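Numbering (the working numbering), first residue to last: 43 to 306.
For each residue, glycine too, the CB sits at the ideal point set by N, CA and C.
No experiment lies behind these values; they were computed from the predicted model shown.
I have placed the structure first, in the form of structure tokens, so that the comments after it can refer back to it.
Below you can see the structure in the form of structure tokens.
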């Protein structure tokens, strides 16, 4: 465990030294919050660092890559209250953004008055509240979240979604979120490894969207961090972006392929 924590600190330090200022975790990402918190406190980093985490899933894989189930979804009020307490116990004053983890229309979380009221209270306490989405219906979920109204307030101020050269279908809805004043975070810019051999180009393409605020790296080594960061120095020309847009796949096909990928 100590070796794993040291390695995570090395990767985090490499990112910070390269100018990265947003770090993203989740309750279900193993010891991510614990390792991130210990790194922040050891380095004595200022509040210029922005930290986001997520609630709504619990990790149950017992560190077994071949476990039958790795995560269990729970978007209930009880889960929110339990997990925000756990996140705050670890991250304390560093926690800036708290997101629903992979909200869907089917889970009903975006229509759950009790949960939304609790999120409004957390927003009033100073947290930024966000929603993360996944799957072929991302755009519908984002638009549903944009329309939430609880006592005249929409608790959400940020969205995290998958957008990459193979799966750009959420783009128009993300542009609407940006227009509404929300922060927009892109995850899976490398399509869970399918674009790893052209990481700089893939990240640069994501950054080229005018509605993007943050593109997550997902790097697990210092070398990957350095390679990903080089995307900042390679803006793509319009004709290059047009050529890359031809890589896009139908969303249903993309997500079906993604579901077949091994757990990593």
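Proximity test, Cβ basis, 9 angstroms: residue i and chain D
i          : result
residue 67 : No chain D appears in this structure, which consists of one protein chain only.
For residue j and residue i, believed in contact at Cβ under 8 angstroms, the rounded distance
i           : j           : result
residue 156 : residue 183 : No, residue 156 and residue 183 are not in contact; Cβ-Cβ is about 19 angstroms, not under 8 angstroms.
residue 188 : residue 148 : Not a contact, Cβ separation roughly 18 angstroms.
residue 95  : residue 133 : 7 angstroms
residue 75  : residue 129 : 6 angstroms
residue 60  : residue 267 : 6 angstroms
residue 201 : residue 175 : 7 angstroms
residue 294 : residue 178 : 5 angstroms
residue 181 : residue 212 : 5 angstroms
residue 278 : residue 304 : Contact flag wrong, Cβ pair sits at about 31 angstroms.
Opening and closing residue of the beta strand (DSSP E) in which residue i lies
i           : result
residue 141 : 137-145
residue 71  : First-last for residue 71: undefined, no H or E at that position.
residue 114 : 113-115
residue 271 : Taken as a continuous stretch (DSSP letters only), residue 271 belongs to no beta strand (DSSP E), being part of the alpha helix (DSSP H) at 264-271.
residue 226 : 225-229
Run of the alpha helix (DSSP H) containing residue i, from where it starts to where it stops
i           : result
residue 97  : Residue 97 -> not in any alpha helix (DSSP H); beta strand (DSSP E) instead, spanning 92-97.
residue 242 : 241-249
residue 298 : 293-302
residue 238 : Taken as a continuous stretch (DSSP letters only), residue 238 belongs to no alpha helix (DSSP H), as it is neither H nor E.
residue 53  : 44-59
residue 160 : 155-166
residue 281 : 280-286
residue 122 : 119-133
7 angstroms CB neighbourhood of residue i in its chain, flanking five on each side removed
i           : result
residue 254 : 226, 228, 248
residue 263 : 53
Same chain, Cβ closer than 8 angstroms to residue i, neighbours up to 5 away in sequence not counted
i           : result
residue 101 : 69, 70, 71, 72, 112, 113
residue 242 : 269, 270, 272, 273, 276
residue 197 : 158, 161, 162, 164, 165, 171, 190
residue 232 : 206, 238, 241, 244, 245, 260
residue 65  : 54, 57, 78, 91, 92, 93, 94
residue 193 : 159, 162
residue 51  : 77, 80, 81, 84
Sequence-distant residues of the same chain with beta carbon closer than 6 angstroms to residue i, five excluded per side
i           : result
residue 186 : 152
residue 308 : Nothing can be reported for residue 308, as the shown portion of the chain is limited to 43 through 306.
residue 47  : 77
residue 257 : 228, 231, 245, 248, 249
Three-pair Cβ contact test at 8 angstroms for the region 115-126 versus the region 72-81:
no
So, does the region 286-301 touch the region 200-212, judging by three or more C-beta pairs under 8 angstroms?
yes
Which complete alpha helix (DSSP H) runs does the region 172-217 hold, if anything under 4 residues is left out?
180-188
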